[in-house]
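Below you'll find the structure, written out as structure tokens, and then a few comments.
Protein chains: 2
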Amino acid sequence: MVERRRITGFSNPTVKFMRALREKKHRRRERRFLAEGLRLLTDARENGQFPELLAMATGREPHPLLDALEDAVLAAGGEVVEMEPDILAKVTGKDNPQSVAGVFLEPATELDAIAREAAPIWLVAQALRDPGNLGTMLRTGDAVGAGGLILIDDCADPFSVEAVRASMGAIFTQRIATARWEEFLPWLRQGPGQLVAASLRDPTDYRTADYEAPCFLMVGNESQGLPEAYEAACDLRVRIPMLGRADSLNAAIAGAVLAYAALAKMPTS
Amino acid sequence: MVERRRITGFSNPTVKFMRALREKKHRRRERRFLAEGLRLLTDARENGQFPELLAMATGREPHPLLDALEDAVLAAGGEVVEMEPDILAKVTGKDNPQSVAGVFLEPATELDAIAREAAPIWLVAQALRDPGNLGTMLRTGDAVGAGGLILIDDCADPFSVEAVRASMGAIFTQRIATARWEEFLPWLRQGPGQLVAASLRDPTDYRTADYEAPCFLMVGNESQGLPEAYEAACDLRVRIPMLGRADSLNAAIAGAVLAYAALAKMPTS
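Protein sequences appear in the order of chains A and B.
Just so we're aligned, residue 147 is where the first sequence starts under our numbering, counting upward by one.
Just so we're aligned, residue 147 is where the second sequence starts under our numbering, counting upward by one.
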């Protein structure tokens with residue numbers, strides 16, 4: 147049994163470093179993010195992604211997945227530390243502390259990191275502000291076999307603790323790119339790619355529409371929806387039935403309804 | 147122009163009463179809930195539901211919808227008060243205060259309040275803990291023409307400020323019932339009703355399954371999913387494709403994917 151570095155003080159620099167990653171400005175500066183909980187870190191490990199730094203609570207219950215995680219981190223050259231549960235709780239910001247947290251390098255998020263022909267479906271979100279919605283879109287993307295999520299204009303941070311948690315591990319399987327619309331559209335037009343949005347102005351049934359891979363399914367901001375110019379730039383606009391008094395769905399819901407409709411039209415499904 | 151009662155102190159009983167409705171125990175005791183914002187209150191008004199008590203910020207911008215709201219509340223015998231913006235912000239719990247908030251009577255939530263044949267689709271959630279998910283399911287229910295949402299076992303409170311907000315007005319159009327499973331199942335079997343859940347154990351394609359009205363679409367708890375016995379009690383179990391590494395969707399997403407699939411099979415669609 148290897149001895150681990152044990153952290154006993156709240157003012158320890160490692161504790162401060164990890165805690166700071168709860169804030170976007172520190173994540174941007176460090177290019178690193180936090181993921182918490184054995185399930186999420188196991189998802190990462192099984193996808194071949196290991197934290198640079200793994201913090202475990204002292205006095206934790208032994209668990210074979212914890213052992214596997216620790217071994218994998220050390221084998222990958224990472225560091226493993228132990229913290230008192232109340233210190234780890236301060237890092238994770240949770241009353242009911244997770245037994246484990248890890249620091250990961252942020253992946254590249256340039257559009258050029260997107261291999262558009264590697265997947266039949268890509269999700270695109272414009273000015274999506276809610277990190278829970280963003281994480282849920284990543285999770286849905288994983289489920290439909292999408293390649294990733296492209297974030298247009300000012301979106302919530304996909305590497306926030308809330309988005310990472312809501313992604314249920316999909317943060318480690320989905321590619322993420324961020325771009326302004328003015329960058330995204332020319333990039334899209336450089337190669338194959340059908341841009342699709344839900345619209346109230348078009349009678350095309352979302353179920354029977356001709357989705358074509360690689361299909362880029364775009365949803366808009368939670369309160370404003372998509373700007374008209376963005377909708378107009380789409381190759382396909384489809385109508386999702388709205389039988390009630392509201393004229394829109396939650397953005398993550400709309401993305402999922404489109405994604406499952408598109409999936410049904412893909413040769414692989 | 148009628149003079150309104152103006153509230154200038156944080157310790158005013160009306161302020162305390164409204165603030166207390168942010169907490170579940172007070173909502174239960176008072177059988178009342180809060181809804182905030184002109185859009186939400188206008189949704190209520192257009193659906194024929196008026197707050198008993200309407201609080202508006204002093205110094206607000208005039209707005210025809212505010213005037214219509216005020217007129218409707220007074221015509222229905224309700225009270226209208228004015229508060230300083232910082233007092234109203236304390237009621238709504240928001241830094242960026244909404245210009246208006248209302249107190250509504252909670253509707254009856256017994257199963258007997260559900261007229262099952264009034265709608266082709268009903269959503270059912272079991273032990274749903276996240277008020278945002280709950281509100282999103284109400285919103286989706288409105289969109290698919292569902293009759294309402296039945297909450298099984300210990301769910302988040304549908305009348306919490308978060309759920310009301312996420313419902314985007316559907317709290318005023320969807321029926322809500324709460325019941326234990328042991329009450330729900332006998333009630334369901336007293337009349338027509340097809341109970342449906344997504345399942346990994348069944349090969350029936352969710353798109354082509356034989357949904358029948360009144361169709362009760364059930365989703366489970368965010369982390370546990372549905373108990374096996376509940377799944378076994380269903381008339382129809384359908385498979386939603388899961389192509390990634392995760393084995394489940396967000397509960398509100400799963401409900402929406404099922405609801406749109408069922409809607410496509412309904413004679414009305």
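Note that the Cβ used here is the ideal one computed from N, Cα and C, for glycine as well.
Here the structure is a predicted model, which is why all the values come from computation and not from measurement.
Taking the Cβ atom as the reference point for each residue, do B/Q272 and B/D299 lie within a distance shorter than 7 Å? Taking 7 Å as the Cβ cut-off, B/Q272 and B/D299 qualify as a contacting pair.
Beta-carbon proximity list for B/A400, same chain, < 8 Å, skipping 5 on both sides: For B/A400, where only same-chain residues beyond five positions count, the Cβ hits under 8 Å are A344, V365, I386 and S394.
The stretch 392-414 of chain A: which residues have C-beta closer than 7 Å to a C-beta of chain B, in chain order? Cβ contacts with chain B come from A392, L395, N396, A398, I399, A402, V403, Y406, L409 and A410.
Distance, Cα to Cα, A/R174 vs A/L251? Across the structure, A/R174 and A/L251 are spaced so that their CA atoms are roughly 11 Å apart.
Is the shortest distance between the beta-carbon of B/A289 and the beta-carbons of chain A less than 7 Å? For B/A289, the answer is yes, since a Cβ of chain A falls inside 7 Å of its Cβ.
Taking the DSSP output, what are the residues bridged to A/M364? According to DSSP, A/M364 bridges with A/V270 and A/A343.
Just the chain B side, please: which residues come within less than 9 Å of A/P387 by C-beta, in chain order? What A/P387 touches in chain B: A289, V290, G291, Y406, L409, A410 and S415.
Where A/F362 and A/V270 are concerned, what is the direct C-alpha to C-alpha distance, given to the nearest angstrom? In a straight line, the C-alpha of A/F362 is about 6 Å away from that of A/V270.
With a cut-off of 8 Å on the beta carbons, I'd call B/A292 and B/A405 a contact; round off their distance for me. Distance from B/A292 to B/A405 at the Cβ level is roughly 7 Å; contact confirmed, criterion being Cβ atoms closer than 8 Å.
Listed in chain order, which residues of the stretch 247-265 of chain A have Cβ atoms closer than 8 Å to some Cβ of chain B? Answer in chain order: no residues at all.
Express the C-alpha separation of B/A402 and B/S415 in angstroms, rounding to a whole number. Caution is warranted here: a pLDDT of 48 is assigned to B/S415, below 50, making its placement in the model unreliable, and no coordinate value can be reported.
7 Å is my cut-off, CB to CB: does A/R383 come that close to chain B? It does not; no Cβ of chain B falls within 7 Å.
Measure the alpha-carbon distance for A/F330 versus A/L257 and round it to whole angstroms. The alpha-carbon atoms of A/F330 and A/L257 are separated by roughly 8 Å.
Here's a check: name, in chain order, each residue in its chain whose Cβ is nearer than 7 Å to the Cβ of B/E176, leaving out the five neighbours to either side. Answer for B/E176: L167, listed in chain order.
Per DSSP, cross-strand counterpart(s) of B/A325: In the DSSP output, where bridge partners are listed per residue, B/A325 has B/I298.
Quick one: what's got a C-beta closer than 7 Å to A/E424's C-beta in the same chain, skipping five residues either side? This structure gives no information on residue 424 of chain A, because the portion of chain A shown stretches from 147 to 415.
Compute the distance between the beta-carbons of B/A201 and B/V219, then report whether it is under 7 Å. Not closer than 7 Å, so no.
Could you pull the start and end residues of the beta strand (DSSP E) that B/F318 belongs to? For B/F318, there is no enclosing beta strand (DSSP E), as DSSP marks it with neither H nor E.
Output yes if chain A places a C-beta closer than 7 Å to the C-beta of B/T188; else output no. B/T188 does not count as touching chain A.
For A/R347, which of A/A289, A/A359, A/P338 and A/M388 has the nearest alpha-carbon? Out of A/A289, A/A359, A/P338 and A/M388, A/M388 has the C-alpha closest to the C-alpha of A/R347.
Flag this pair as yes or no: are the beta carbons of A/M412 and A/A359 separated by less than 7 Å? Result yes, Cβ atoms of A/M412 and A/A359 sit closer than 7 Å.
Does the stretch 281-289 of chain B come into contact with the stretch 368-375 of chain B, if we say contact requires no fewer than three beta-carbon pairs (one atom in each stretch) closer than 8 Å? Of all C-beta pairs linking the stretch 281-289 of chain B to the stretch 368-375 of chain B, fewer than three are shorter than 8 Å, placing the two stretches out of contact.
So with CB distances below 8 Å, who are the chain A contacts of B/E286? Sequence check: residue 286 of chain B is Thr here, not Glu. Ordered by position in chain A, the residues that pass the 8 Å Cβ test against B/T286 are L395, N396 and I399.
Going by Cα to Cα distance, which pick from B/T350, B/R165 and B/I267 is closest to B/D288? The shortest C-alpha to C-alpha distance from B/D288 to any of B/T350, B/R165 and B/I267 is the one to B/I267.
Just to confirm, is the Cβ distance from A/T350 to A/N193 under 7 Å? In this structure, A/N193 does not lie closer than 7 Å to A/T350 by Cβ.
Hey, A/V237 and A/M164 are a contact pair by Cβ (cut 8 Å); roughly how many whole angstroms apart? Contact between A/V237 and A/M164 is confirmed by a C-beta separation of about 5 Å, below the 8 Å threshold.
Take the Cβ of A/G205 as the centre, count every other Cβ of all protein chains shown within 10 Å, and call the residue buried at 16 or more, exposed below. By the C-beta density criterion, A/G205 is exposed, having fewer than 16 other C-beta atoms within 10 angstroms.
How should B/A312 be labelled, buried or exposed, when 16 other C-beta atoms within 10 angstroms of its C-beta is the threshold for buried? When all chains shown are included, B/A312 counts as buried.
Output yes or no for whether 7 Å exceeds the beta carbon distance between A/P197 and A/G248. Result yes, Cβ atoms of A/P197 and A/G248 sit closer than 7 Å.
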